[in-house]
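Going by the numbering used here, the first residue of the sequence shown is number 43, and it counts up by one from there. C-beta atoms are modelled at their ideal positions from N, C-alpha and C, and glycine is treated no differently. Below is one structure, written out as structure tokens; the observations come after it.
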Amino acid sequence: MSTGCRETPVLKERGQREVFCGLTGIIWLHRKMQDAFFLVVGSRTCAHLLQSAAGVMIFAEPRFGTAILEEKDLAGMADANEELDREVARLLARRPDIKQLFLVGSCPSEVIKLDLSRAAERLSGIHGPNVRVLNYSGSGIETTFTQGEDACLASMVPALPATDAKELLLVGALPDVVEDQALDLLAQIGISPVRCLPAKRAAFDPAIGPNTHFALTQPFLGDTHAALIRRGAQHIAAPFPFGAEGTTLWLKAVAATFGIAPEKVDQVVAAPRARAEKAIAAAASTLQGKRIFFMPDSQLEIPFARFLTRECGMEAIEIGTPYLHADLHGPELDLIAAGPVISEGQDVDLQLDRVRAARPDLTVCGLGLANPLEAEGLSTKWAIELVFTPVHFYEQAGDLAALFARPLRRRAALTRQHPNMMEAAE
Ligand code: SF4
43 MSTGCRETPV LKERGQREVF CGLTGIIWLH RKMQDAFFLV VGSRTCAHLL
93 QSAAGVMIFA EPRFGTAILE EKDLAGMADA NEELDREVAR LLARRPDIKQ
143 LFLVGSCPSE VIKLDLSRAA ERLSGIHGPN VRVLNYSGSG IETTFTQGED
193 ACLASMVPAL PATDAKELLL VGALPDVVED QALDLLAQIG ISPVRCLPAK
243 RAAFDPAIGP NTHFALTQPF LGDTHAALIR RGAQHIAAPF PFGAEGTTLW
293 LKAVAATFGI APEKVDQVVA APRARAEKAI AAAASTLQGK RIFFMPDSQL
343 EIPFARFLTR ECGMEAIEIG TPYLHADLHG PELDLIAAGP VISEGQDVDL
393 QLDRVRAARP DLTVCGLGLA NPLEAEGLST KWAIELVFTP VHFYEQAGDL
443 AALFARPLRR RAALTRQHPN MMEAAE
């Protein structure tokens with residue numbers, strides 16, 4: 043009988059990695075936090091990354107920008123702090139709508155050891171209480187791209203007010219439409235009030251205390267989890283709300299914390315759960331029996347592997363994750379049948395060797411690895427697309443399954459049209 047993967051020995055690798063940096067999170071965070079501004083203290087490379095990642099969006103009043111560190115800053119010939127203070131003063135004078143300003147560190151600011159936490163303190167003294175200035179690092183030296191959100195939310199936690207009220211806190215930046223679905227389900231189950239981190243506006247920021255029970259909606263929030271525990275809040279351990287099963291288990295864990303029976307959850311979710319199962323089944327016909335390999339990238343790999351193996355009939359060969367947090371991922375590992383390699387960290391060449399040896403039907407990986415693997419005849423799914431697409435809770439469960447089915451359908455169609463070409467690639 044399967045006992046899950048929680049006790050499976052983890053293959054730990056430390057070597058060259060292939061991931062985007064934490065600045066990428068600004069793309070979805072600035073949409074969510076409507077009176078925040080993200081000021082990247084970085085080089086032109088950082089500015090280009092943000093502009094190209096956000097390239098399709100045009101704002102009358104953008105909510106992120108880059109304070110460019112010029113060569114003289116990098117050489118230590120200028121006082122970067124003075125320039126930063128001037129830049130911030132100019133920005134805030136022009137934009138009275140900004141209530142939270144995040145100074146976002148980058149590789150260049152880390153290399154010259156610019157102390158952004160002191161800068162944030164100094165600038166909060168000057169511009170507070172109207173504007174709260176916080177800082178976090180999105181540097182690519184040590185972070186993977188979803189850690190940007192984790193670092194941002196973790197930086198907010200110490201500044202949040204205190205409360206003794208028993209409240210549910212949802213943690214993780216969800217698209218508004220998805221967050222509204224979750225709040226509606228929780229209200230029908232009988233749970234209120236519910237607070238969100240991040241809130242849409244600084245004025246709605248939650249308060250934290252020993253009776254705050256928090257449920258994570260994203261599996262990459264390890265530092266935020268630790269910061270909330272330090273404030274005395276209590277974590278609701280549960281699988282993440284992906285797929286019909288994951289969403290139901292997540293809701294039941296939250297309900298149990300508030301003394302609500304699982305039968306009540308079953309009654310409330312019957313219709314949306316049935317819709318989700320039907321939508322998943324439509325995509326699962328393509329996924330059934332297919333073998334999947336996860337390169338470590340988004341930190342969503344473990345919950346997605348659970349969803350794909352249990353609800354879509356896939357077989358996981360290797361589940362790689364940049365970081366494995368037992369508190370966050372344990373309930374997921376319990377549900378994944380023993381068999382796949384569980385790996386943490388990356389040594390990209392060794393891992394590519396394992397992909398080539400296994401020749402999976404689908405490899406989930408970063409953009410930089412996808413094209414070479416496709417050229418070798420392997421189907422791939424870009425991990426970053428999974429973060430940018432709404433995939434949580436019941437109404438998006440079918441879309442989540444379809445994201446994995448699409449590359450397999452595309453390859454099947456290409457093979458039908460160009461059988462000789464596909465054989466040559468393989
Ligand atoms: S933070 Fe580092 S990895 Fe990210 S864009 Fe800037 S220089 Fe590149």
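- Y436 sits in a helix when the DSSP states are folded into three classes.
- The residue from R105, D157 and I110 with its alpha-carbon nearest to that of L143 is R105.
- When the five nearest sequence neighbours on each side are left out, the beta carbons in the same chain lying within less than 7 angstroms of the beta carbon of F435 are those of V220, Q223, A224, P283 and T289, in order along the chain.
- I302 places its beta carbon 7 angstroms or farther from that of A439.
- E386 sits away from K114, with the two beta carbons spaced by 7 angstroms or more.
- Taken from the Cβ of C238, every heavy atom of the ligand SF4 lies 6 angstroms or farther away.
- Collapsing the DSSP output to three states places V307 in a helix.
- In the displayed model, S148 falls within coil according to three-state DSSP, outside both helix and strand.
- Every residue whose Cβ sits closer than 7 angstroms to any heavy atom of the ligand SF4 is listed here in chain order: C63, L65, G84, S85, T87, C88, L91, S148, C149, P150, G180, S181, G182 and I183.
- Within the same chain, R48 and A279 come within 8 angstroms of G372 by CB-CB distance, once the 5 residues on both sides are set aside.
- Residue range A425 to F430 is occupied by the alpha helix (DSSP H) that includes F430.
- Closest option to E191, judged by alpha-carbon separation, among A201, F300 and Y178: Y178.
- The alpha-carbon separation between E124 and V175 amounts to approximately 16 angstroms.
- Counting only the Cα atoms, G57 lies some 9 angstroms from D391.
- In this structure K294 is buried. Its beta-carbon is surrounded by 16 or more other beta-carbon atoms within 10 angstroms.
- Exposure of I168 is indicated by the presence of fewer than 16 other C-beta atoms within 10 angstroms of its C-beta.
- Pairwise C-beta distances place the region 146-163 in contact with the region 71-89, as three or more of them are shorter than 8 angstroms.
- Taking 7 angstroms as the cut-off, the beta carbon of L211 is found closer than this to the beta carbon of F256.
- DSSP, reduced to helix, strand and coil, places H367 outside both helices and strands of the structure shown, so it counts as coil.
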